[in-house]
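In our numbering, the protein residues as written are 984 to 1222.
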Amino acid sequence: MRDPGFDYIDNRSSFFQPKTPFAALKAAEEGLLPAEAYIYMATSVEAIADNPEHLEEIERILGQRNRDLKTNLLLIEVLGKLIKNKDKEIALFAAESINAIENDYNRKIEALPEDEYREKARTYSEMAVLNKSVHDLQNFYLREAFSNFRQLERLHELTVDDSLAMSQILIDLDLLTQARKIITDKQLHTPEALFILADIAFRQRDYSELFKIISRLNELRSILDSDQTIIIDFWMEKE
984 MRDPGFDYID NRSSFFQPKT PFAALKAAEE GLLPAEAYIY MATSVEAIAD
1034 NPEHLEEIER ILGQRNRDLK TNLLLIEVLG KLIKNKDKEI ALFAAESINA
1084 IENDYNRKIE ALPEDEYREK ARTYSEMAVL NKSVHDLQNF YLREAFSNFR
1134 QLERLHELTV DDSLAMSQIL IDLDLLTQAR KIITDKQLHT PEALFILADI
1184 AFRQRDYSEL FKIISRLNEL RSILDSDQTI IIDFWMEKE
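Spelled out as structure tokens, the structure:
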């Protein structure tokens, strides 16, 4: 049987549109909305993108523990707009909120054991993504992430996923030759490794190499997701 929650989400536009979780709760209590409306509003972060000056909603999300990267990226995007607000109080709120997000990550790093290199690398990588608009800071966090992966390598605890992440960091640092060397030296042949090699070839405008790799990826289309096939088609347009 279909979950009634999906019916609400699929047909949200036909219902009363509450602006806050509290409004959704009241509407649900009065029978104006199904209970799923409150659950959706209480857990969704998309509302702040539609109404970025809804400071109470931003505060609610900031108060959530274990926010994922997608949520933090949305918060940073919205707060980056609010920091330019003519209202000084709103601009200050945005600046302090961005600082609070950064501090959440710093506290997480500080709380990790000294030898928790993989989690440190992952956390620094997320910090790099969040600071993509600040080039020097982004690069600092990328180098910190890479350094922690290197520690895993010295301990002979590096996994395939770790190696792929190292290669991606080097791409982000524009160290393309070194990024390719990690893949080739470790003889990685997974679809993810092929995607990284194709990305490097594309960035280096080595279209002959790019289409050799795409030919191999096309043989794997049945196990690739839609985003990956879209990227392949985009690269093929450059032929």
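Cβ coordinates follow ideal geometry from the N, Cα and C atoms, glycine included.
Give me the residue from Ile1215, Leu1158, Leu1156 and Tyr1124 with the minimum Cα distance to glutamate 1175. Ile1215
So, helix, strand or coil for proline 1174, using DSSP? helix
Which residues mark the beginning and the end of the alpha helix (DSSP H) in which arginine 1101 is found? 1100–1113
Run through DSSP, which three-state label would arginine 1050 get? coil
According to DSSP, simplified to helix, strand and coil, what is valine 1117? coil
Between the region 1161–1175 and the region 1188–1198, can you find at least three pairs of beta-carbon atoms closer than 8 Å? no
When you compare the region 1102–1113 with the region 1127–1134, are there three or more beta-carbon pairs, one atom per stretch, that lie closer than 8 Å? yes
In angstroms, rounded to a whole number, what distance separates the CA positions of isoleucine 1183 and isoleucine 1196? 11 Å
Is any heavy atom of the ligand ZN found at a distance shorter than 7 Å from the C-beta of methionine 1110? Only the bare structure without any ligand can be found here, which leaves the ligand ZN out of the picture.
Residue nearest to aspartate 1119 in terms of C-alpha spacing, selected from Arg1188, Asp1155 and Lys1069: Asp1155
CA-CA distance, valine 1143 and asparagine 1068? 45 Å
Would DSSP call asparagine 1131 helix, strand or coil? helix
Spatial neighbours of asparagine 1122 in its chain, beta-carbon cut-off 7 Å, leaving aside the 5 residues before and after: Leu1156
Are the region 1052–1066 and the region 1077–1084 in contact at 8 Å, needing three or more beta carbon pairs? yes
Please go through the same chain and pick out, in chain order, the residues whose beta-carbon is closer than 7 Å to the beta-carbon of leucine 1203, but skip the five residues on each side of it. Pro1174
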